[in-house]
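Chemist:
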Amino acid sequence: MTIGVTHLSPVLSIIFGVLILLMPRFLNYFVAIYLIVAGLLGLGVFK
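Number 1 in the numbering used here belongs to position 1 of the sequence shown; there are no gaps in the numbering.
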């Protein structure tokens, strides 16, 4: 299975979810990074 742009958002969600469980004090940073990447994906910056 290849990971394309359509699979990137769910994969990032899983990765950030695990990181938040392991390091909850960095929650703000993980959420901010996720929102920026999700916004860029929504705008079509990554093709």
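Idealized CB from N, CA, C, for every residue including glycine.
Do you know how far the Cα of Arg-25 is from the Cα of Gly-44?
Modeler: On the sequence shown, position 44 is the one that residue 44 refers to. On the sequence shown, position 25 is the one that residue 25 refers to. Taking the straight line joining both Cα atoms gives about 31 Å.
Chemist: What are the boundary residues of the alpha helix (DSSP H) that Gly-44 is part of?
Modeler: As a working mapping, residue 44 is identified with position 44 in the sequence shown. Taken as a continuous stretch (DSSP letters only), Gly-44 belongs to no alpha helix (DSSP H), as it is neither H nor E.
Chemist: Which residues in the same chain have their Cβ closer than 8 Å to the Cβ of Tyr-34, if we skip the five residues on either side of it in sequence?
Modeler: For this step, residue 34 is matched to residue 34 along the sequence shown. Contacts found: Leu-12, Ser-13 and Phe-16.
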